[in-house]
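Each position in the sequence shown, counted from 1, maps to that position plus 5 in our numbering. In this text, a Cβ means the ideal position worked out from N, Cα and C, and glycines have one as well. Predicted model, so just to flag it, every value in this text is computed and none were measured. Encoded as structure tokens, the structure appears first; notes follow it.
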Amino acid sequence: MSRIGNKVLTLPAGVEVSRQGDVVTVKGPKGELSRTVASEITLSVDGSNVSFSRSSDDGRTKALHGTTRANVANMVEGVSNGFKKTLKLVGVGYRAAKQGDKLVLSVGYSHPVEFEAREGLTVEVPDSVTITVEGISKQLVGDLAAEIRAVRAPEPYKGKGIRYEGEIVARKEGKTGK
């Protein structure tokens, strides 16, 4: 039994969900998102409630039941409120800047690292050590934030690097003398 898949999804005001074949489309005040879903999962819209059911009880279909419901719930959340990830740069001389539509990072390499603007995402630099990534797609926001973090992931000895806001970096003790 999928507990997540059986939960009814309640739509906020101004959000519409429709399905054409295997493509689910969610429209809301912030935009529109589409996603391909498995044909074994049926979606029924009743007013402001969306429910999901599966055609069989084999393992793959059971797994897709909850996953489909969670993906559509994230799409609804995105078109109504949006998603935001904040990153912090920790380290002496580490800084971020916005040059036109590019994000430029100076994080201890011999050259600056640049990221191009992406469709549907906004990247802001409120101060030189903070980066915010915003958009309506949870997947795209998370992917870009992970790519930025991977440029210089936090290291465990000094804690330097790019980390998510609120992320706790497990610190290790360095070598001691004799």
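| query | Run through DSSP, which three-state label would N54 get? | reply | strand
| said: Rounded to whole angstroms, what is the Cα-Cα separation between Y162 and V95? | reply: 13 Å
| task | Compute the Euclidean distance between the alpha carbons of V128 and M80, then round it to the nearest angstrom. | result | 20 Å
| said: Spatial neighbours of G179 within its chain, please: C-beta separation below 6 Å, excluding the five flanking residues on both sides. | reply: Y162
| Which whole-angstrom value is the C-beta distance of V31 and V20, which I expect to be below 8 Å? | 7 Å
| task | Express the C-alpha separation of V55 and P17 in angstroms, rounding to a whole number. | result | 11 Å
| If you run the structure through DSSP and keep just helix, strand and coil, what is E152? | helix
| query | Using the beta-carbon count (16 or more within 10 Å), is K90 buried or exposed? | reply | buried
| task | Could you pull out every residue in the same chain whose Cβ sits closer than 7 Å to the Cβ of E152, ignoring the five residues on either side in sequence? | result | none
| What runs of the beta strand (DSSP E), each 3 residues or longer, lie entirely inside the region 19-76? | 21-25, 28-33, 36-41, 46-51 and 54-59
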